[in-house]
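Residue numbering for the sequence shown follows the numbering used here, beginning at 4 and increasing consecutively. Backbone N, C-alpha and C fix where the C-beta goes; we use that ideal spot for every residue, glycine too. Worksheet: one structure, shown below.
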Amino acid sequence: MTIANDEASREKPFLYIAVGVLRAADGRVLIAKRRPGKPGAGKWEFPGGKREPGEAVAEALARELDEELGVHVRETRPLIRFAHDYSDRRVLLDIHLVESWGGVAYGREGQELAWSRPERLDEYDLLSANTPVVAALRLPPRYLITPAPDDDTAGFMAAAERALAGGLRLLRLRAWDLDDDAYEVLARELQSLAAGHDAALLLDRDAVMVKRVGAAGLHLTARALRSLARRPLPAGFWVGASCHGRADLERAIGLGADFATLSPVAATPSHPDAAPLGWEGFARAREGLALPVYALGGVGPEECDAAWEAGAQGVAGIRSLWPGR
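Okay, here's the thing in C-alpha cells:
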C-alpha cells in the first residue's frame, strides 16, 4: 500500500476501513447519511467502518454491515481499494461489492438510507473519498478494445453487434490505420450501434471528435497522457488512459482520468518484448491508488476473479473479447 509519507501525513491517525456496497438485483446501490456529531455529518457514504486489530477484512465487513444495517453478508467480491488523506486522518478504504445478503437493510443506528442507481449518485452529497468508488460502480468488468477493421467494415460491424449483444457495455474504437476522416465515419456508425445497446463508446483521437460523434468519452494513449496538462473533457464524459506502470497511473490521477488500463499483465503476441507484470506486479503498481484500473495484455474474461483479487476493475482486451478472433 502506498500512502503519502510527508511529515504532516505521518502524524495523522491511520484507519483501515472496510466498506460494503450492497447492490440489489435491479442495479441500485445502498448509501447512508452520516449522523450529526460525526465527521462529515449530513453527507452520504457507503456503509462500513474501522477494521479492528487482528480482524480479517471479511470479518470486519460482516460485523460492520450487521451493526449498521442488520444484514448478514453472504457473497462479496473486491471492488476497489485505495488510500485517502483527510484533513484530520489517513484511511485505507477497502471496498467490496455485496450482491447477496440475508435480512432487510435498515438504519440500525438511526441513520437515513437511500437506494440509488450508480448513474444518479451525483444527486447526493457524497463524501469526497467516494469519487473513485462511484466510477468503479458505473464501469463494467469488461472493456473491449476493437481490432483494426481492415477492409471488411461489414464484418467488423457484425462482430461489434455480436459483442454488444453478448453483454459488452464499454468499448474503445482503436483503428490506427485509418485517417481521421475515415475513423470518424466508422466511429459514427459504431456509436449508433452502441447507443442501441446502452453501451459507452470511447474514441482515441481527440475531444472535439468525441463531441461531434456523440461518443461517451476519450481514451488517452500513453503518449497523449504524458503530453496533456489538463483533463481534455468535462465531467459527464469518460476519460480513460493507457498506462504501463505506477508513474503513468499517478499521472492519470493527476490529470483527472476516470479509469485506466495497465499492461501487459501477461505476454502477448503483439508485444513479445514487453516484460509482463504478472498479477503480483499489477497489484503492486496500482496499490493504494484511487483509480479504477483494468488489467490488459494476455488476459481474458475467465480471469476476472484473479483480476479483482489483484485490485483491478476487471479485464480489458482485444482478441479475448472480440467475437470471431
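**Request:** Use the C-beta contact count for Thr156: other C-beta atoms within 10 angstroms, 16 or more gives buried, fewer gives exposed.
**Result:** exposed
**Request:** Can you have a look at Phe17 and say buried or exposed, based on whether 16 or more other CB atoms are within 10 angstroms of its CB?
**Result:** exposed
**Asked** With respect to the beta strand (DSSP E) encompassing Phe17, which residues constitute its N-terminal and C-terminal limits?
**Response** 17 to 25 is the span of the beta strand (DSSP E), which, as asked, contains Phe17.
**Request:** Name the two residues that bound the continuous alpha helix (DSSP H) containing Tyr186.
**Result:** 183 to 199
**Under the three-state DSSP convention, the category Arg145 falls into** = In this structure, Arg145 counts as strand in the three-state DSSP scheme.
**Item:** Straight-line Cα distance separating Arg111 from Arg26
**Value:** When rounded, the distance between both Cα atoms is 18 angstroms.
**Message:** Taking the alpha-carbon of Asn133 as reference, which of Arg66, Val24, Gly303, Thr224 has the nearest alpha-carbon?
**Reply:** Val24
**Request:** Would you mind listing the beta strand (DSSP E) stretches within the stretch 67 to 97 that are 3+ residues and don't spill past its ends, in chain order?
**Result:** 75 to 88
**Item:** Rounded straight-line distance, which links the Cα of Ala269 to that of Asp308
**Value:** 16 angstroms
**Item:** Inter-residue spacing [alpha-carbon to alpha-carbon] between Arg191 and Arg249
**Value:** C-alpha separation (whole angstroms): 34 angstroms.
**Item:** Host beta strand (DSSP E) of Trp241 (start-end)
**Value:** 241 to 246
**Local Cβ density within 10 Å of Trp179, reported as buried at 16 or more and exposed below that** = Exposed, by the Cβ-count rule.
**Message:** On the criterion of 16 or more Cβ atoms from any shown chain inside 10 Å, does Ala11 qualify as buried, or is it exposed?
**Reply:** In this predicted model, Ala11 has a pLDDT of only 46, less than 50, meaning its place in the structure is not dependable enough to derive any value.
**Message:** Applying the 10 Å Cβ sphere with the 16-neighbour rule, what's the burial state of Pro50?
**Reply:** buried
**Request:** Closer than 6 angstroms by C-beta to Asn8: which residues in its own chain qualify, once you throw out the five before and the five after it? Chain order, please.
**Result:** Per-residue confidence for Asn8 stands at a pLDDT of 47, beneath the threshold of 50, marking its modelled position as unreliable; no derived number is given.
**Request:** Sort Phe285, Ser266, Glu283, Leu116 by Cα distance to Asp276 and report the nearest one.
**Result:** Ser266
**Item:** Of the listed residues His87, Gly113, Asp183, Arg141, nearest to Leu124 (C-alpha basis)
**Value:** Arg141
**Prompt:** Can you list, in chain order, the stretches of the alpha helix (DSSP H) that have 4 or more residues and sit fully within the stretch 207 to 244?
**Reply:** 210 to 216, 225 to 230
**Message:** Tell me whether the stretch 92 to 108 and the stretch 69 to 81 touch, counting them as touching only if at least three CB pairs, one residue from each stretch, are closer than 8 angstroms.
**Reply:** yes
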